[in-house]
Amino acid sequence: MHYSDCFELVKKLKDKVFAEKLQRELETVEKLANSPTFTEFVKDDKSTKSLLVLRREYDLARLQAVKKGIRTILDTYFAENEHEIKTVLLHIKEAIKQRTKNYEELVNYTHYSDLAQKYATHYLPFNHLSDPFKGPTPVDYGWGHSQHYADLASRTELDSLTTASNKRIHTFAQSSHSLADIFFRRVGRYSVDEEVKVRNAIWKSLKALDDKAILDMTITMGTNSHSMAIRMVNEGVEFYDHNYGLVRFQNREKAVSFITAHLTHISTTAKEEISVIETYKLPYTNNHGHQIVSDLDKSRIPVPVVSKAEDEKPPVQPNVSEAIDALENYATSLKKSSDIKAKIKANELDFLAKELNELISAGAIQERVGAILQNKDHSLMVNRGTGFYFFKSGFKSHSTTETLLQNIHKAATPS
Numbered sequence: 001m002h003y004s005d006c007f008e009l010v011k012k013l014k015d016k017v018f019a020e021k022l023q024r025e026l027e028t029v030e031k032l033a034n035s036p037t038f039t040e041f042v043k044d045d046k047s048t049k050s051l052l053v054l055r056r057e058y059d060l061a062r063l064q065a066v067k068k069g070i071r072t073i074l075d076t077y078f079a080e081n082e083h084e085i086k087t088v089l090l091h092i093k094e095a096i097k098q099r100t101k102n103y104e105e106l107v108n109y110t111h112y113s114d115l116a117q118k119y120a121t122h123y124l125p126f127n128h129l130s131d132p133f134k135g136p137t138p139v140d141y142g143w144g145h146s147q148h149y150a151d152l153a154s155r156t157e158l159d160s161l162t163t164a165s166n167k168r169i170h171t172f173a174q175s176s177h178s179l180a181d182i183f184f185r186r187v188g189r190y191s192v193d194e195e196v197k198v199r200n201a202i203w204k205s206l207k208a209l210d211d212k213a214i215l216d217m218t219i220t221m222g223t224n225s226h227s228m229a230i231r232m233v234n235e236g237v238e239f240y241d242h243n244y245g246l247v248r249f250q251n252r253e254k255a256v257s258f259i260t261a262h263l264t265h266i267s268t269t270a271k272e273e274i275s276v277i278e279t280y281k282l283p284y285t286n287n288h289g290h291q292i293v294s295d296l297d298k299s300r301i302p303v304p305v306v307s308k309a310e311d312e313k314p315p316v317q318p319n320v321s322e323a324i325d326a327l328e329n330y331a332t333s334l335k336k337s338s339d340i341k342a343k344i345k346a347n348e349l350d351f352l353a354k355e356l357n358e359l360i361s362a363g364a365i366q367e368r369v370g371a372i373l374q375n376k377d378h379s380l381m382v383n384r385g386t387g388f389y390f391f392k393s394g395f396k397s398h399s400t401t402e403t404l405l406q407n408i409h410k411a412a413t414p415s
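Number 157 in the UniProt record's numbering belongs to position 157 of the sequence shown; there are no gaps in the numbering.
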């Protein structure tokens, strides 16, 4: 049972007068759990406390607020409506007790923040396990959370995103994986059984990601499944998992590495292999300029400053430097375009060029670029050129990016 199901149970109560009162009381308690939202709470905080500390304070305050609200309902109505109260409220009361008891274990678990530190630029923690309304057996709500996130992103209302459940998530969850989703919205389905296949499947899934799309990625492990959402934010990528949080990446490559590690961890923890990854294009238009984490200074992940001795990096051959310069120049030209897809690719190229300039040898550059060239599903390898050019080239055309990468690889290869 899930908190949102309580509204359905209320409708079935025989005492309709009491049912109406209980409905109003539950809606009041629901507001206690959703106000303020976590993002509003962080924005209003003027202390130097870390984001994880604020997350703990917020969650525990929400739990206590809901506990107090339910206690008030019990004190007011229990004597005359014992059966109805037990039907609707006792699961929530027990859930709050368990969430509070287990919270220290949740917040002291550093895997999530450590993984974000490795790949992301911003991290805003969420965890559905701290949901004050979560019942003992809540299943099949991941799809509802993905749809809720996509709906808010399309309406530029992500500030109202919260872990506390509400009827909207319940409604979305009831429409989970309809035939329309399978036939018209599914853009990829990949069987996987090991980490390298998981990574390849994620690259294939992200082919459908552009500035307008919001994707749901659902993994299947045994008889269980888990849903997450992905979208573009400006030139970067944003990932949402209601058991993890909002995570922002500079480019798709970082996102793929993060999601691969995240899913592998889920699989290892559950002791179940990921058998299938399915990708759905959700029925919402992304507003790629709308974001919340960049507005929250506390969500920024500090970048460690690494000092290098002047002689630590040997000089790279001039022809390699020239080839990298050509890639940078192409990125600069793409930045001037009004096309958001060009700007997205420019961001990825710019990031790669900076990385290549930091590598200490031509061999390292060759290996890095070679790995990209071998991955035809890599976002930099996807040819977004016109069909006319493809026909003109005799069906052998490369994207400009691929040609520039080949030039770098060739220049870095020992003669």
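For every residue, glycine included, the Cβ atom is placed at its ideal position computed from N, Cα and C.
How should residue 393 be labelled, buried or exposed, when 16 other C-beta atoms within 10 angstroms of its C-beta is the threshold for buried?
Stepping through the sequence shown from its first residue, residue 393 is reached at position 393. Caution applies to residue 393, whose pLDDT of 47 falls short of 50 and renders its modelled position unreliable; the value that the coordinates give is listed next. Exposed, since its Cβ has fewer than 16 Cβ neighbours within 10 Å.
If you check the beta carbons only, do residue 198 and residue 264 fall under 8 Å apart?
Here residue 198 corresponds to residue number 198 of the sequence shown, with the count starting at 1. Here residue 264 corresponds to residue number 264 of the sequence shown, with the count starting at 1. The answer is yes: Cβ separation under 8 Å.
Are the Cβ atoms of residue 242 and residue 111 separated by less than 8 Å?
Against the sequence shown, residue 242 aligns to sequence position 242. Against the sequence shown, residue 111 aligns to sequence position 111. No, the Cβ-Cβ distance between residue 242 and residue 111 is not below 8 Å.
Contact under 8 Å by Cβ, residue 28 with residue 69
Taking the first residue of the sequence shown as 1, we reach residue 28 at position 28. Taking the first residue of the sequence shown as 1, we reach residue 69 at position 69. Yes, the Cβ-Cβ distance between residue 28 and residue 69 is below 8 Å.
Keeping to the same chain, check which residues put their C-beta closer than 8 Å to that of residue 221; ignore five residues upstream and five downstream.
Locating residue 221 in the sequence shown gives position 221, counting from the first residue. So the list reads 266, 267, 270, 272, 273, 274 and 275, once near-sequence residues are dropped.
State the start and end residues of the unbroken alpha helix (DSSP H) segment that holds residue 245.
Counting from 1 along the sequence shown, the entry for residue 245 is found at position 245. Where residue 245 is concerned, there is no enclosing alpha helix (DSSP H), although the beta strand (DSSP E) it sits in stretches over 245 to 249.
Is the segment 74 to 93 in contact with the segment 36 to 52, if contact means three or more CB pairs nearer than 8 Å?
no
What does the Cβ neighbour count give for residue 312, buried or exposed, with the cut at 16 atoms within 10 Å?
Within the sequence shown, numbered from 1, the residue matching residue 312 stands at position 312. For residue 312, the predicted structure reports a pLDDT of 46, less than 50, and the residue's modelled location is therefore unreliable. A value from the coordinates is still provided. Exposed, since its Cβ has fewer than 16 Cβ neighbours within 10 Å.
Under the three-state DSSP convention, the category residue 266 falls into:
Position 266 of the sequence shown, counted from the first residue, corresponds to residue 266. Three-state result, residue 266: helix.
In chain order, what residues of the same chain lie with their CB nearer than 6 Å to the CB of residue 225, ignoring the 5 residues before and after it?
Residue numbering aside, residue 225 sits at position 225 when the sequence shown is read from its first letter. Result list for residue 225: 218, in chain order.
Are the Cβ atoms of residue 203 and residue 237 separated by less than 8 Å?
By 1-based counting over the sequence shown, the position of residue 203 is 203. By 1-based counting over the sequence shown, the position of residue 237 is 237. Their beta carbons are not under 8 Å apart, which means residue 203 does not touch residue 237 by this criterion.
Roughly how many whole angstroms lie between the Cα atoms of residue 14 and residue 79?
Sequence index remark: in the sequence shown, residue 14 carries index 14 (1-based). Sequence index remark: in the sequence shown, residue 79 carries index 79 (1-based). Approximately 17 Å between the Cα atoms of the pair.
May I ask you to verify whether the segment 367 to 380 touches the segment 327 to 339, counting CB pairs closer than 8 Å and requiring at least 3?
no
Excluding the 5 residues preceding and the 5 following residue 22 in the sequence, name in chain order all residues of the same chain whose CB lies nearer than 6 Å to its CB.
Translated into the one-based positions of the sequence shown, residue 22 becomes position 22. Contacts found: 10.
Distance cutoff 8 Å, beta carbons only. Does residue 98 sit that close to anything in chain D?
No chain D appears in this structure, which consists of one protein chain only.
Can you tell me whether residue 329 is buried or exposed, with buried defined as 16 or more other CB within 10 angstroms of its CB?
Numbered from 1 along the sequence shown, position 329 holds the residue referred to as residue 329. When all chains shown are included, residue 329 counts as exposed.
Status (buried if at least 16 other CB within 10 Å, exposed otherwise) for residue 405:
Working through the sequence shown from its first residue, we reach residue 405 at position 405. Residue 405 should be labelled buried.
Which one of 76, 157, 372 and 239 has the shortest CA to CA distance from residue 25?
Walking along the sequence shown from the start, residue 25 turns up at place 25. The option with the nearest alpha carbon to residue 25 is 76.
How is residue 199 classed by DSSP in three states: helix, strand or coil?
One-based indexing of the sequence shown puts residue 199 at position 199. Helix at residue 199.
Distance, Cα to Cα, residue 302 vs residue 216?
The residue you call residue 302 lines up with position 302 of the sequence shown. The residue you call residue 216 lines up with position 216 of the sequence shown. Those two C-alpha atoms are separated by around 29 Å.
Just curious, the beta strand (DSSP E) that residue 123 is in, first and last residue?
Sequence index remark: in the sequence shown, residue 123 carries index 123 (1-based). Looking at the DSSP string, the run of the beta strand (DSSP E) that includes residue 123 is 122 to 125.
Answer with buried or exposed for residue 371, where buried requires no fewer than 16 other C-beta atoms within 10 angstroms of its C-beta.
For this step, residue 371 is matched to residue 371 along the sequence shown. Result: exposed.
Expected contact under 8 Å - CB spacing of residue 211 and residue 228 to nearest Å:
In the sequence shown, residue 211 corresponds to position 211, counting from 1. In the sequence shown, residue 228 corresponds to position 228, counting from 1. Not really, about 19 Å apart at Cβ, beyond 8 Å.
Ordered along the chain, which non-local residues of its own chain (more than five positions away) have a Cβ less than 7 Å from that of residue 409?
Taking the sequence shown and counting its residues from 1, one reaches residue 409 at position 409. Cβ within range, chain order: 366, 369, 370 and 373.
Just the C-alpha distance for residue 81 and residue 71, rounded to the nearest angstrom, thanks.
Mapped onto the sequence shown, residue 81 falls at position 81. Mapped onto the sequence shown, residue 71 falls at position 71. The straight-line gap from Cα to Cα measures roughly 14 Å.
Residue 278, enclosing alpha helix (DSSP H) - first and last residue:
As a first step, residue 278 is located in the sequence shown; it is residue number 278 there, counting from the start. Where residue 278 is concerned, there is no enclosing alpha helix (DSSP H), although the beta strand (DSSP E) it sits in stretches over 274 to 281.
Indicate the three-state DSSP secondary structure (helix, strand or coil) for residue 370 in the structure shown.
On the sequence shown, position 370 is the one that residue 370 refers to. If DSSP states are grouped into helix, strand and coil, residue 370 belongs with the helices.
Does the distance from the C-beta atom of residue 116 to that of residue 65 stay below 8 Å?
For the purposes of this step, residue 116 is taken as the residue at position 116 of the sequence shown. For the purposes of this step, residue 65 is taken as the residue at position 65 of the sequence shown. At least 8 Å separates the beta-carbon of residue 116 from that of residue 65.
Locate the alpha helix (DSSP H) running through residue 17, then write down its first and last residues.
Taking the first residue of the sequence shown as 1, we reach residue 17 at position 17. Element bounds for residue 17: 16 to 34.
Less than 6 Å between C-beta atoms, sequence neighbours within five positions excluded: which residues of the same chain meet that for residue 376?
Locating residue 376 in the sequence shown gives position 376, where the first residue counts as 1. Nothing meets the Cβ criterion.
In the DSSP assignment, find the alpha helix (DSSP H) that holds residue 66 and state where it starts and stops.
Against the sequence shown, residue 66 aligns to sequence position 66. Start and end: 51 to 77.
Distance between residue 119 and residue 323 (C-alpha atoms, nearest Å):
Residue 323 sits at position 323 when you count from the first residue of the sequence shown. Residue 119 sits at position 119 when you count from the first residue of the sequence shown. Spanning the two alpha carbons is a distance of roughly 27 Å.
Consult DSSP for residue 240 and reduce its assignment to one of helix, strand or coil.
Position 240 of the sequence shown, counted from the first residue, corresponds to residue 240. Three-state DSSP puts residue 240 in a strand.
Grab me the residues of residue 246's own chain with a C-beta within less than 6 Å of its C-beta, minus the 5 sequence neighbours each way, in chain order.
One-based indexing of the sequence shown puts residue 246 at position 246. Counting only Cβ-Cβ distances below 6 Å, and skipping sequence neighbours, we find 124, 240 and 293.
Under the DSSP definition of a beta bridge, which residues are partnered with residue 231?
Within the sequence shown, numbered from 1, the residue matching residue 231 stands at position 231. Beta-bridge pairing links residue 231 to 214 and 238.
Is residue 251 near residue 407, with beta carbons less than 8 Å apart?
Reading the sequence shown from its first residue, position 251 is the one you call residue 251. Reading the sequence shown from its first residue, position 407 is the one you call residue 407. For residue 251 and residue 407, no; Cβs fall outside 8 Å.
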